[in-house]
Structure formats: C-alpha cells, structure tokens
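The structure under discussion appears below in the form of structure tokens.
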Amino acid sequence: MSAKNFLEEIIEADLKSGKYQRIVTRFPPEPNGYLHIGHAKSIHLNFGLADKYGGITNLRFDDTNPTTEETEYVESIKRDIRWLGYEWENEFYASDYFEKLYEFAERLIRKGLAYVDHSSSEEIAAMKGTPTTPGMESPYRNRTVEENLELFRKMRAGVFPEGACVLRAKIDMASPNMHMRDPVMYRIKYESHHRTGNTWCIYPMYDFAHGQCDSLEGITHSICTMEFEVHRPLYEWFIEKLEIFPSRQYEFARLNLSYTVLSKRKLLQLVQEGHVSGWDDPRMPTLAGLRRRGYTPEAIREFCERIGVARRDNLVDVGLLEFCIREDLNRRALRRMVVLSPLKLILTNYPEGQVEWLPVENNPEDPAAGTREIPFSRELFIEQEDFMEEPPKGFLRLAPGRTVRLKSAYVIRCDDVVKDDRGNIIAIKASYFPETRSGSDSTVKVKSTLHWVSAAHAVPVRVMLYDRLFKVENPAASEEPLGSLINPNSLLVVERAMAEPDLRTASLGVHYQFLRKGYFVLDPSSTPDLPVFNRTVTLKDHWAAKTSEH
Ligand code: ATP
Ligand code: MG
Numbered sequence: 449m450s451a452k453n454f455l456e457e458i459i460e461a462d463l464k465s466g467k468y469q470r471i472v473t474r475f476p477p478e479p480n481g482y483l484h485i486g487h488a489k490s491i492h493l494n495f496g497l498a499d500k501y502g503g504i505t506n507l508r509f510d511d512t513n514p515t516t517e518e519t520e521y522v523e524s525i526k527r528d529i530r531w532l533g534y535e536w537e538n539e540f541y542a543s544d545y546f547e548k549l550y551e552f553a554e555r556l557i558r559k560g561l562a563y564v565d566h567s568s569s570e571e572i573a574a575m576k577g578t579p580t581t582p583g584m585e586s587p588y589r590n591r592t593v594e595e596n597l598e599l600f601r602k603m604r605a606g607v608f609p610e611g612a613c614v615l616r617a618k619i620d621m622a623s624p625n626m627h628m629r630d631p632v633m634y635r636i637k638y639e640s641h642h643r644t645g646n647t648w649c650i651y652p653m654y655d656f657a658h659g660q661c662d663s664l665e666g667i668t669h670s671i672c673t674m675e676f677e678v679h680r681p682l683y684e685w686f687i688e689k690l691e692i693f694p695s696r697q698y699e700f701a702r703l704n705l706s707y708t709v710l711s712k713r714k715l716l717q718l719v720q721e722g723h724v725s726g727w728d729d730p731r732m733p734t735l736a737g738l739r740r741r742g743y744t745p746e747a748i749r750e751f752c753e754r755i756g757v758a759r760r761d762n763l764v765d766v767g768l769l770e771f772c773i774r775e776d777l778n779r780r781a782l783r784r785m786v787v788l789s790p791l792k793l794i795l796t797n798y799p800e801g802q803v804e805w806l807p808v809e810n811n812p813e814d815p816a817a818g819t820r821e822i823p824f825s826r827e828l829f830i831e832q833e834d835f836m837e838e839p840p841k842g843f844l845r846l847a848p849g850r851t852v853r854l855k856s857a858y859v860i861r862c863d864d865v866v867k868d869d870r871g872n873i874i875a876i877k878a879s880y881f882p883e884t885r886s887g888s889d890s891t892v893k894v895k896s897t898l899h900w901v902s903a904a905h906a907v908p909v910r911v912m913l914y915d916r917l918f919k920v921e922n923p924a925a926s927e928e929p930l931g932s933l934i935n936p937n938s939l940l941v942v943e944r945a946m947a948e949p950d951l952r953t954a955s956l957g958v959h960y961q962f963l964r965k966g967y968f969v970l971d972p973s974s975t976p977d978l979p980v981f982n983r984t985v986t987l988k989d990h991w992a993a994k995t996s997e998h
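With this note's numbering, the residue at position 549 of the sequence shown is 997, and numbering never jumps.
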C-alpha cells in the first residue's frame, strides 16, 4: 500500500470526527471539449476517494457558459468516464440549478450583499485596482435593496442589452485578494443554451455557480486544481452569507505531461488547424485518442495511481504512461507475427506446394490464452532490416552464410542473395534444417530469432506507427506557435505490411503484440479488405538510453 495522500488524511479525519456520515464528491467537466488524461487524474481522484470511503460521486456538467457548450461533448464525456471504469451516482447540470441560483442572488441582494452595476466592463476593470493598490468603489455600489431587486429582475426579464449591467457581490474593494473585490455574479447574454434554450438571458459566473451547486448537492469535498486556491475565500464567502450547506474546497496540482499539451483550448486548436485528424486522433492525449491508440482503462488508472496527488506542480514524464501500458499489454496481448517491410525468403530445399501448420503460443505470459497454428511454406517474408549483405560488427541477424531461427519454426541458413538490374536486393535464398523444428530436441545454437509470415498466406494490412506529437519536452510552456512544435514524424503509415492469416479476422478492442514490433490494436477505419492497425507503444522505451531491440 502506498502512503495516504493528503486528501485521504482529510477525509479520514472528517469521517472519524463524525463531521460527515458519508462523503460526496463530484466531477465537474465543462462540456466544451473532450476529456484528456489530466481529467482522468481528477476522475480517478474523485471517484476513487468516494469508492474507497463508501461515498458517492456526482457527474455535474459545468454548463454555465452558453457560448461554448455542445451536446456532442456531453456524450463523449459520459462515454469516456464509463470507459475508464467509473459510474456516477447522479448526472447533474449546473443549468439545472439556474432558478435556485437566481433565488440565491436575490437573497444576497436582500441582505445588502449584492448590487446591480451599470459600469461598463472596461470601467469595472479599471476600478479593480492592482494586487498592490486597492480598487475603487463603483458609483452604483450603494443602491438600495429595492432598487437592486427591481433592476436584477429587469435584467432577467430582458429589459437591458448585453453589457448594460452586471450583478456584483458587495465584498471589499480593498481586499488583497482580487477575487474578493466585488466579483461579478451575473452577466447578460442573449444566447441560446444547450439545455435551457432561451429561458435565460442572464448567466451566473463560475464563482457564483460552482460552490452553490456543490452545496445544493451536499458535496462534502469539492476537489479542484490549484488555480482555484485563490478563489477559495470567495467560495466560502458565498456559502457563509447564503447560510447553505458548507461544502469545502480542496486543491491539488493538475497533471502536466511531457511532450503533450493538456489544455482544451490547445487541443481544440490542434484539431481546428488540422495537425491531427480529430479529437480521437491516436496521437491526442484525449481519452478518446488514447482508447483508439490502444490504451486500456486499467493502464490509465494505474498511471493515475502512480503519479499520486500533491499540491506542487510538476511535469510528469510521458514515459511513465508508456510504462504502464506496456506492463498491462504484456500481460494480455495476443502475440502475432507481422512483417512491416517485407523481404522475400525462399527456402530452396523446402518442397514446393507443401504447407505445415505449426503450433504457436498466443501469449507466453498467459497459458490460458492457448495456442494457434500458423502456416509455414517455401516462400516467406522476413523484415528487410533483419538482413544485411555486409553486416557491421554487432549485427547478429541474417547475413550471407549465417544461420538464424525463424520463430516457432526452423533454423535456416542464408545461401544466396537475389538482386534486380539495379542491384537492389529482392529476395534471399536459404536452406532450412528439418531436424531443428521448434519443440524438437535439436541443439543447434543461433544468435537470433526472426519473425516471419508465409508469403502465400500473408494478409496485407496497413500499420500506423505513432511517435510523440511534439518535438519539445514542454510545449505548453513554449512561446512558439503550437504548429511549429509538432514532431513531423509523429505518424508513419506503413501501407503494405504482411500479417499472419489470423489477423484477417482481428477484432476491435483486442490487443496484439506484433513480435519485436510493439503492441497494436485494430483501428475503427479498418475494412474487411484492409485491416488497419495502430501501434499503441513500442516494446521498449526507444527514448531511454539506446539499447538494441534484438
Ligand atoms: P482545460 O485547462 O483543459 O480547459 P478545465 O479545467 O477548464 O481544463 P474542466 O472541464 O473545467 O476543464 O475540468 C473538469 C475537472 O477536471 C476540473 O475539476 C479540473 O480541475 C480537472 N482538470 C482539468 N485539467 C486537469 C489536469 N490537467 N489535471 C488534473 N485535473 C484536471
Ligand atoms: Mg474549467
């Protein structure tokens, strides 16, 4: 068991003291983009804490801003949370509470704690002061309660144009915390909302909505990222003045991942500028992209567990995410043979027309995965890079006169090289040694084992090889335009790789290890005639200190 994190300490103390019988957390996405791996951290935290302490978690769409929210995003968010393995207790929308929030606003007006301000947004900004100088009070600050109530009702009724006035909390224009200098609670917007349509023309600001929604749902621990720490006094002020259920806010450091951006604005930019094919492009750090790439929910949850929660910002090495998926896929992936760059290998002493079906284990890590049979014949494909006519020192694979083993088959020796008119190698002639069949007690020693497929049985497939989307470690911190930071080699398409026949019927969602090449999954763009595979991750971390893959 890892050490308890600070939130677990807090919750345990709260339960022990009897402050709460049951904890209630929430995950509050704004439906203006797809969920990404940073959200997974927050989901894992909120749902994980409730699971651990027998509480519940609500899914609450933070849809207070009518301009940017779309139903498509709502659906994708729900799908992704379920895919990660979590189920919410209630599905709520901040917009469900618009009427209640309106009442709360009137309550503050009646207490003399909110006023309608007819200053323009520029004037309000100018009067805000600076962190070191106090702000100035608005000339509208001391309107009577009656006047404020009447004006606020008119705001709601659509009497004023956009920008004519706002409702502000009356707190302290000299507060050292800028968020306490009479923050705006409501603004006028003549915009249709994805759920409430045209019912409203005034919309609450985040600060006035979030805490009140938490309170209405009886959220005990409202967990958010560090940038909201400075909003906490305001969160508490509204709750205290409204005398409603005292939800408490706790902050943790957001996830930053190397070679990745995790801001929805920037991810949207990648989509809109066409750097990727969409929100679910397998290079995107979105859950939809990771899923399509072949990441599993188990690996993502393991990653969230390993990064832990703290209050200090840091940049997590994307290598850790890759480590987690390798570990998981090593356990579950079905082993298959696929030759990415085929080179014909002709076994001159193997009878023409003969086919042997050789048994091969599906997963040496999991005997329950069983075996399959693959065809062996006179003409095979091996990887171009597994042969060198003039091998440098250290190259242990096939070369003239050398012997190697073909995986689960026979030891072969290269006898001859066939070239075209221009001197390109087009085939290798070799002999096989019948007594070395895998499983026999042959004692022939070779330095290397190659993967292969039978040429007559091979299934042509398209293979998508991905690399990091960005060429710099911390693209989020760079001043350069996002487009200029993209790794030009982030996608390599292999149009005609040759796969063993079993992969003709590959299924979506099944994870494969292509021997020596990495972990792969079928892409939804596959057709019966052309299976398309995405490489999830290579077998080893090729970014770590260079070690030979073979
Ligand atoms: P973005 O910066 O990508 O626009 P956001 O915070 O505006 O993110 P929301 O939809 O409001 O996105 O986020 C929902 C929840 O997920 C919030 O509680 C937020 O704090 C959390 N969250 C967002 N990004 C991260 C991250 N990188 N690491 C951890 N939690 C995050
Ligand atoms: Mg947000």
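Each residue gets a CB set at the ideal place from its N, CA and C atoms; glycine is no exception.
Quiz item: What does DSSP give as the partner residues of Pro840 in its beta bridges?
Solution: Beta-bridge pairing links Pro840 to no other residue.
Quiz item: Expressed to the nearest angstrom, what Euclidean distance is found between the alpha-carbon atoms of Val865 and His487?
Solution: 55 Å
Quiz prompt | Any non-hydrogen atom of the ligand ATP closer than 8 Å to His669 Cβ | solution = no
Exercise. Could you check which residue in Arg616, Val522, Phe509 and Met575 has the C-alpha nearest to that of Ile557?
Key: Arg616
Exercise. Name the two residues that bound the continuous alpha helix (DSSP H) containing Phe454.
Key: Phe454 to Lys464
Exercise. Could you spell out where the alpha helix (DSSP H) holding Cys752 opens and where it closes?
Key: Pro745 to Ile755
Quiz item: Taking DSSP as the reference, what is the three-state secondary structure of Trp805?
Solution: strand
Quiz item: Does the segment 647-659 come close enough to the segment 539-555 that 3 or more CB-CB pairs lie under 8 Å?
Solution: yes
Quiz item: Who are the Cβ neighbours of Gln832 in its own chain at under 6 Å, not counting the five residues just before and after it?
Solution: Ser789 and Leu791
Quiz item: Between Arg850 and the rest of its own chain, which residues show a CB-CB distance below 6 Å, the 5 nearest in sequence each way excluded?
Solution: Cys862
Self-check item: Inter-residue spacing [alpha-carbon to alpha-carbon] between Pro476 and Leu793
Solution: 58 Å
Practice problem: Could you tell me if Thr515 is buried or exposed, where buried requires 16 or more neighbouring beta carbons within 10 angstroms of its beta carbon? | Solution: exposed
Quiz item: Got a sec: does the ligand ATP put a non-hydrogen atom nearer than 8 Å to the Cβ of Glu478?
Solution: yes
Quiz item: Which stretch, first to last residue, makes up the beta strand (DSSP E) that contains Ile398?
Solution: Nothing about residue 398 can be read from this structure; the chain reaches only from 449 to 998.
Practice problem: Leaving out five residues on either side along the sequence, give the residues of the same chain with a beta carbon under 7 Å from the beta carbon of Gly818. | Solution: Asn810
Quiz item: Asp511 to Ala906, Cα distance in whole Å?
Solution: 52 Å
Self-check item: Glu571: first and last residue of the uninterrupted beta strand (DSSP E) it sits in
Solution: No beta strand (DSSP E) holds Glu571; the alpha helix (DSSP H) holding it covers Ser569 to Met575.
Quiz prompt | Any non-hydrogen atom of the ligand ATP closer than 8 Å to Asp510 Cβ | solution = yes
Quiz prompt | Pick from Leu898, Glu775 and His642 that is closest to Phe829, judged by C-alpha positions | solution = Leu898
Quiz item: Which of the three DSSP states, helix, strand or coil, is assigned to Lys489?
Solution: helix
Practice problem: Determine the burial state of Pro624: buried for a count of at least 16 other Cβ atoms within 10 Å of its Cβ, exposed for fewer. | Solution: exposed
Exercise. Pick out whichever of Lys464, Asp620 and Ser706 has its Cα sitting closest to the Cα of Leu933.
Key: Ser706
Self-check item: beta strand (DSSP E) runs contained entirely in the segment 860-905, provided each spans 3 or more residues
Solution: 873-881
Quiz item: How many angstroms separate the CA atom of Asp977 from the CA atom of Glu948?
Solution: 15 Å
Practice problem: Taking all protein chains shown into account, decide if Ala469 is buried (16 or more other Cβ within 10 angstroms of its Cβ) or exposed. | Solution: Note that residue 469 is Gln in the sequence shown here, rather than Ala. Burial call: exposed.
Self-check item: Rounded straight-line distance, which links the Cα of Glu800 to that of Leu735
Solution: 50 Å
Quiz item: Thinking C-alpha only, which one of Met785, Arg740, Ala781 and Val709 is nearest Val764?
Solution: Val709
Quiz prompt | Of the listed residues Val942, Ile525 and Ile671, nearest to Pro398 (C-alpha basis) | solution = The structure shown does not extend to residue 398, since the chain is modelled only from 449 to 998, so the question has no answer here.
Quiz item: Is it the case that the CB of Asn513 approaches a heavy atom of the ligand ATP more closely than 8 Å?
Solution: no
Self-check item: Exposure label - Val1018; buried when at least 16 CB within 10 Å
Solution: The structure shown does not extend to residue 1018, since the chain is modelled only from 449 to 998, so the question has no answer here.
Exercise. With a 10 Å radius around its C-beta and 16 neighbouring C-beta atoms as the bar for buried, classify Asn513 as buried or exposed.
Key: buried
Quiz item: What residues are listed by DSSP as bridge partners for Arg604?
Solution: According to DSSP, which records beta bridges pairwise, Arg604 is partnered with nothing at all.
Quiz item: chain C beta carbons: is any one of them nearer than 9 Å to that of Arg680?
Solution: As a matter of chain content, chain C is missing from the structure shown, which is built from one protein chain.
Quiz item: For Ser640, which residues from the same chain have a beta carbon less than 8 Å from its beta carbon, with the 5 sequence-adjacent residues on both sides left out?
Solution: Pro514 and Asn646
Quiz item: Leaving out five residues before and five after Arg741 in sequence, what residues of the same chain have Cβ atoms less than 6 Å from its Cβ?
Solution: Pro730, Asn982 and Thr984
Quiz item: What residues in its chain sit with their C-beta under 8 Å from that of Ala993, if we drop five residues either side in the sequence?
Solution: Low confidence applies to Ala993: its pLDDT is 45, below 50, so where it sits in the model is not reliable, and the reading given next is rough at best. Around Ala993: no qualifying Cβ.
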